[in-house]
Amino acid sequence: MSAYTWTPVIAGHATAAITSLLIGGMMLYRTKGTPAHRLWGRIWVGMMLVIVLTSLFIYRDHYSWIHGLSFFTLIMLPYGVYMARKRNIKGHRMTMVSMYFGALVIAGIFTLSPNRLLGDAVWSWLGL
10 MSAYTWTPVI AGHATAAITS LLIGGMMLYR TKGTPAHRLW GRIWVGMMLV
60 IVLTSLFIYR DHYSWIHGLS FFTLIMLPYG VYMARKRNIK GHRMTMVSMY
110 FGALVIAGIF TLSPNRLLGD AVWSWLGL
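Numbered by the working numbering, the letters in the sequence shown go through residues 10 to 137 in order.
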């Protein structure tokens, strides 16, 4: 495994992903429907958009299946917001929780696998 240089795009992507994980985790446990929930939700959606947009500039030779999640997330983010605005709380919850675990947790685990661009960057930075 060779050392990888962190670019501004990768650093921004990683920062937004970590921020989204923390905010999303916090929101899973806090009271729903409050002004604070709506504020943190807007910040979370913004961070998710940063993740999606920066992911389109992170690849080696071609896009992978993980990039497919980026396009899916671009569709699901506004859908989740739409569900909240329509007061379809069950649909909103299911959409947002699914994105948290699918697009952040599961995709993050695969992204950090060895021999993937971000995985190599992280493991190289950690000296492993």
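Beta carbons: idealized from backbone N, C-alpha and C, even for Gly. Please read all numbers here as calculations on a predicted model, not as lab measurements.
In the same chain as VAL59, and ignoring 5 residues on each side of it, the C-beta atoms closer than 8 Å to its own belong to GLY21, HIS22 and ALA25, in chain order. Residue burial is scored here from C-beta neighbours: TRP53 has at least 16 other C-beta atoms within 10 angstroms and is therefore classed as buried.
When only Cα atoms are considered, LEU78 and SER64 end up about 10 Å apart. Only exposed fits LEU37, as fewer than 16 other CB atoms lie within 10 angstroms of its CB. Between ILE19 and ALA116, the CB-CB gap reaches or exceeds 9 Å. Between the alpha carbons of ARG96 and GLY89 lies a gap of roughly 11 Å. Judged by beta-carbon spacing, LEU121 lies within the 9 Å limit of TRP132, meaning their Cβ atoms are closer than that value.
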